[in-house]
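Residue numbers (the numbering used here): 152 to 258.
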Amino acid sequence: MTRSELIAGLAEGNPHLTVADVERIVAALFDEMTLALSRGERVELRGFGAFTVKHRQARAGRNPRTGETVDVAQKSVPFFKAGKELRERINKPVSTSGVKKNGGAKN
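Rendered as structure tokens:
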């Protein structure tokens, strides 16, 4: 799902909001999450998962094309850990009764 698909789905499910309002809400949510992560804070969405920042130490790497050793600077990377409810929902067995033989779902 892309950001625009998320906005379209939220706008469709909330007809009392304009698409522009939904865009501002989604942008504000992502901005706040980004700011919190940049401050080193943890962002947890109950039932969905948690975003944290992991710090990678500086190290010696290797250029795969030339084999030359290169220095890789330390960096921070975002990390996502799925919550229990999300893991359970995506691992729930799928019923095959609603699936056609060619693999497509019935409408």
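Glycine included, C-beta positions come from ideal geometry on N, C-alpha and C. Computed from a predicted model, the values in this text were never measured in an experiment.
query = Do the CB positions of A201 and K232 come within less than 7 angstroms of each other?
reply = Remark: C-beta atoms of A201 and K232 approach each other more closely than 7 angstroms.
query = To the nearest angstrom, how far is it from the Cα of V177 to the Cα of N242?
reply = Spanning the two alpha carbons is a distance of roughly 27 angstroms.
inquiry  = For R210 and V228, which I take to be in contact (beta-carbon distance under 8 angstroms), what is that distance rounded to the nearest angstrom?
reply    = That pair is no contact at about 13 angstroms.
ask   = Hey, how far is the Cα of V204 from the Cα of M152?
value = Distance between the alpha carbons of V204 and M152 is about 23 angstroms.
message = Going by DSSP in three states, T203 sits in which element: helix, strand or coil?
response = DSSP places T203 in strand when its eight states are reduced to three.
message = Give me the DSSP bridge partner(s) of T220.
response = Answer is R213.
inquiry  = Using only the alpha-carbon positions, how far apart do E156 and R216 sit?
reply    = Distance between the alpha carbons of E156 and R216 is about 38 angstroms.
query = What number of angstroms, rounded off, separates the C-alpha of T185 from the C-alpha of L196?
reply = About 14 angstroms.
ask   = By DSSP, does V173 sit in helix, in strand, or in coil?
value = Helix.
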